[in-house]
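Worksheet for the structure shown next.
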Amino acid sequence: MNLYEYQAKEIFKKYGIPVPEEELARNPEEAERIAQRIGKVVVKAQVLVGGRGKAGGIKLAETPEDARKKAEEILGMEIKGIPVRKVLVSEACTIKSEAYMGVVVDRKEKKPCVMVSPEGGVDIEEVARKSPEKIFKLHPDPVYGLLPHQARELCFKLYEDPKLAQEASSILLKLYKVFVETDASLAEINPLALTDKGLIALDAKIVVDDNALFRHPDIEEKREIEPGEEKEIKAKEHGLSYIKLTGNIGCVVNGAGLAMATMDMIKHFGGEPANFLDIGGSSSPEKVRAAMEILLSDENVKVVWFNIFGGITRCDDVAQGMVQALREMDVKVPVVVRLTGTNEDKGRKILEDSNLPVYPVASMEEGAKKAIELGGK
Amino acid sequence: MGVLVGKDTRVVVQGITGRDGSFHAARMKEYGTQVVAGVTPGKGGQEVSGIPVYNTVKEAVERHDANTSIIFVPARFAPDAIYEAADAGIKLIVTITEGIPVLDMMKVVKYLDERGVRLIGPNCPGIITPGECKVGIMPGHIFKKGKVGVVSRSGTLTYEVVYHLGVHGFGQSTAAGIGGDPIIGTKFIDMLELFRDDPETEAVVLIGEIGGTDEEDAAEYIKNTSYPKPVVAFIAGRTAPPGKRMGHAGAIISGGKGTAEEKIKAFENAGVKVARIPQEIPLILKEVL
Numbered sequence: 005m006n007l008y009e010y011q012a013k014e015i016f017k018k019y020g021i022p023v024p025e026e027e028l029a030r031n032p033e034e035a036e037r038i039a040q041r042i043g044k045v046v047v048k049a050q051v052l053v054g055g056r057g058k059a060g061g062i063k064l065a066e067t068p069e070d071a072r073k074k075a076e077e078i079l080g081m082e083i084k085g086i087p088v089r090k091v092l093v094s095e096a097c098t099i100k101s102e103a104y105m106g107v108v109v110d111r112k113e114k115k116p117c118v119m120v121s122p123e124g125g126v127d128i129e130e131v132a133r134k135s136p137e138k139i140f141k142l143h144p145d146p147v148y149g150l151l152p153h154q155a156r157e158l159c160f161k162l163y164e165d166p167k168l169a170q171e172a173s174s175i176l177l178k179l180y181k182v183f184v185e186t187d188a189s190l191a192e193i194n195p196l197a198l199t200d201k202g203l204i205a206l207d208a209k210i211v212v213d214d215n216a217l218f219r220h221p222d223i224e225e226k227r228e229i230e231p232g233e234e235k236e237i238k239a240k241e242h243g244l245s246y247i248k249l250t251g252n253i254g255c256v257v258n259g260a261g262l263a264m265a266t267m268d269m270i271k272h273f274g275g276e277p278a279n280f281l282d283i284g285g286s287s288s289p290e291k292v293r294a295a296m297e298i299l300l301s302d303e304n305v306k307v308v309w310f311n312i313f314g315g316i317t318r319c320d321d322v323a324q325g326m327v328q329a330l331r332e333m334d335v336k337v338p339v340v341v342r343l344t345g346t347n348e349d350k351g352r353k354i355l356e357d358s359n360l361p362v363y364p365v366a367s368m369e370e371g372a373k374k375a376i377e378l379g380g381k
Numbered sequence: 007m008g009v010l011v012g013k014d015t016r017v018v019v020q021g022i023t024g025r026d027g028s029f030h031a032a033r034m035k036e037y038g039t040q041v042v043a044g045v046t047p048g049k050g051g052q053e054v055s056g057i058p059v060y061n062t063v064k065e066a067v068e069r070h071d072a073n074t075s076i077i078f079v080p081a082r083f084a085p086d087a088i089y090e091a092a093d094a095g096i097k098l099i100v101t102i103t104e105g106i107p108v109l110d111m112m113k114v115v116k117y118l119d120e121r122g123v124r125l126i127g128p129n130c131p132g133i134i135t136p137g138e139c140k141v142g143i144m145p146g147h148i149f150k151k152g153k154v155g156v157v158s159r160s161g162t163l164t165y166e167v168v169y170h171l172g173v174h175g176f177g178q179s180t181a182a183g184i185g186g187d188p189i190i191g192t193k194f195i196d197m198l199e200l201f202r203d204d205p206e207t208e209a210v211v212l213i214g215e216i217g218g219t220d221e222e223d224a225a226e227y228i229k230n231t232s233y234p235k236p237v238v239a240f241i242a243g244r245t246a247p248p249g250k251r252m253g254h255a256g257a258i259i260s261g262g263k264g265t266a267e268e269k270i271k272a273f274e275n276a277g278v279k280v281a282r283i284p285q286e287i288p289l290i291l292k293e294v295l
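Chains as they are written, first to last, in my numbering: chain H, 5 to 381; chain X, 7 to 295.
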């Protein structure tokens, strides 16, 4: 789960990481009121995609009236297709220099990785590509965590002034604490700005491990469903994993790897998948029905293809769900069905006996071709 | 023969009284696996499909000489179950459980590494040496004894590939699903090493997917060690959008890293042929063997 900048900064504040004076606004009037209190401000679009600065989603405002005007502009815009619905009105700081601090999960080392760089304010991946020598990192022991001397070692590479280096290492230790205690897979300050008031986290990013949300109900509560995300959330409630794409072939698959391979195969033969959908291991008829509902609410979908390789998933369960869904719902698009694996004979028989208009296919390749033929391109 | 599991494998099933645990304990036993005991704390003394249940793994090991564990315990209790297996002297732990927090797994992996315990998974279908032993949830009947080692980050996609291998007469020495999470115990490289030293394995099929750099690392390993056996790869997720988690917790393209193109390129640079669709895999195998 990605947190918004303002949410991440709320957490930072709780942990004693210095952040600018700021407040969230959902309309221009609110922005004006906040600016009246703070003074000169930066109005920042709150969206979960990168590159908002380049897209014009961050604007300086000299006066409260100006803040209202800028908020009005930003609140109306779309950034990478996502409408901006809230802005952070944040104290404008005089910046002397910008650094980077981050903690991520290093999959290769199987440990956390703490990184700092004097090149802040830009995409850290960019720095990694262009000047990797400007990134300093180490891997703390996951059991003992980041030790103070390790934090100092990194931060003395950031600032020559020992007082600043100490200040930075105290912030880095707090950031590590945030990483651990929010079960983050990424916690980042970019930039960490040196201002006339000392070091301040001007921007913040936290990605929380979805698998750990069960122990962070307070974070789960912060979730704000974005337009377009409703279906993904509904899917999740039914134990399905769904991601909308732009094509017209809806697919229902068991298993994430097979679901990806299914999308790839549709594309390989010249079609366009409408979605990624993994119905997971155990598939009750209810789940299959929920999957159909989600797919068919996408008006781009012109054909539905079930690609099931039964393991834990039993083909008869899927067939039953399909029959139930097709009988109760008004399904106007053709349905292609590939059932292989556990209880495939039972599954096929259920479909045959139902006399429903489905197109059975014997293999994944045949399924892809049939779906493309029926769904058009 | 095969690797990691075989005729000498003696399995304890942790979480055996649960829905999945009891179902798959019975399937493994039917397959011919020596399932010697089960563990569910508080349910010691019961039986599941004729398998005795104990309160602790330690007891199961002492009474039945179990050397391998398979874990069906729910995510929030699974790390403790893994620690328990390691402390009881189990040397191979297969964790089927999906949804274990990443920070927990980093500690678990370190604990096991320090004790020389091997972990397969988590979030995996398990491992099978056809005709000998199945420690997992895969449909046993599609696997056939043979000479191809299979290693995969996915479950059902493995079945799909194995099915096509079977159609063309390729059996498997061992097939391992290593898991779809960001932090896993056994990686592609570890399996490649095991297959290299296994006299029965003549070729390896590697099934990867987007996210992380394990495939790139495997490609580099193959190149640097002049890997002595042919490897055929398949990468799922060529059409996956960036920034979205594709079902598996580990299947996400982040910051432009972890794309299928990069992985395919890495393999091709290492001289590994990459199939574009699963049914191409046996055809390529025929060419290289």
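Glycine included, every Cβ here is placed at the ideal spot set by N, Cα and C.
Exposed unless 16 or more other CB atoms sit within 10 angstroms - verdict on residue i
i	result
residue 107 of chain X	buried
residue 348 of chain H	buried
residue 280 of chain H	buried
residue 147 of chain X	exposed
residue 250 of chain H	exposed
residue 266 of chain H	buried
residue 98 of chain X	buried
residue 277 of chain X	exposed
residue 166 of chain H	exposed
Within-9 Å CB hit, residue i to chain X
i	result
residue 242 of chain H	no
residue 199 of chain H	no
residue 129 of chain H	yes
residue 261 of chain H	yes
residue 184 of chain H	yes
Candidates the options: closest to residue i by CA position
i	options	result
residue 288 of chain H	H/275, H/327 and H/267	H/327
residue 94 of chain X	X/293, X/33, X/81 and X/122	X/122
residue 202 of chain H	H/172, H/185, H/118 and H/219	H/172
residue 364 of chain H	H/312, H/329 and H/300	H/312
residue 204 of chain X	X/66, X/152 and X/49	X/152
residue 258 of chain X	X/287, X/219 and X/293	X/219
residue 219 of chain H	X/287, X/92, X/105 and X/31	X/105
residue 3 of chain X	X/86, X/143, X/179 and X/132	For chain X, the structure presents residues 7 to 295; residue 3 of chain X sits outside this window and is missing.
residue 200 of chain X	X/234, X/291 and X/66	X/234
residue 229 of chain H	H/36, H/170, H/13 and H/88	H/88
residue 5 of chain H	H/214, H/283, H/68 and H/262	H/214
residue 11 of chain H	H/182, H/366 and H/197	H/182
Span separating the alpha-carbon of residue i from that of residue j
i	j	result
residue 82 of chain H	residue 55 of chain H	12 Å
residue 33 of chain H	residue 295 of chain H	42 Å
residue 73 of chain H	residue 186 of chain H	36 Å
residue 320 of chain H	residue 24 of chain X	22 Å
residue 184 of chain X	residue 42 of chain X	24 Å
residue 378 of chain H	residue 340 of chain H	9 Å
residue 250 of chain X	residue 154 of chain X	33 Å
residue 248 of chain H	residue 29 of chain H	30 Å
residue 221 of chain H	residue 37 of chain X	42 Å
residue 234 of chain H	residue 246 of chain H	11 Å
residue 26 of chain H	residue 45 of chain H	9 Å
residue 270 of chain X	residue 215 of chain X	10 Å
residue 330 of chain H	residue 360 of chain H	8 Å
Interface flag, residue i vs chain H, CB-CB below 9 Å
i	result
residue 28 of chain X	no
residue 62 of chain X	no
residue 65 of chain X	no
residue 164 of chain X	yes
residue 280 of chain X	no
residue 250 of chain X	yes
residue 111 of chain X	yes
residue 82 of chain X	yes
residue 174 of chain X	no
Cβ separation of residue i and residue j, assumed to be a contact under 8 Å, to the nearest whole Å
i	j	result
residue 164 of chain X	residue 125 of chain X	That pair is no contact at about 18 Å.
residue 157 of chain X	residue 212 of chain X	6 Å
residue 74 of chain X	residue 16 of chain X	7 Å
residue 208 of chain H	residue 16 of chain H	6 Å
residue 209 of chain X	residue 241 of chain X	Rounded, the Cβ-Cβ distance is 18 Å, inconsistent with contact.
residue 202 of chain X	residue 272 of chain H	Incorrect: roughly 32 Å between the Cβ atoms, too far for contact.
residue 143 of chain X	residue 132 of chain X	6 Å
Check: residue i C-beta below 8 Å from any heavy atom of the ligand MN
i	result
residue 102 of chain X	No copy of the ligand MN occurs in the structure displayed, which carries no ligand at all.
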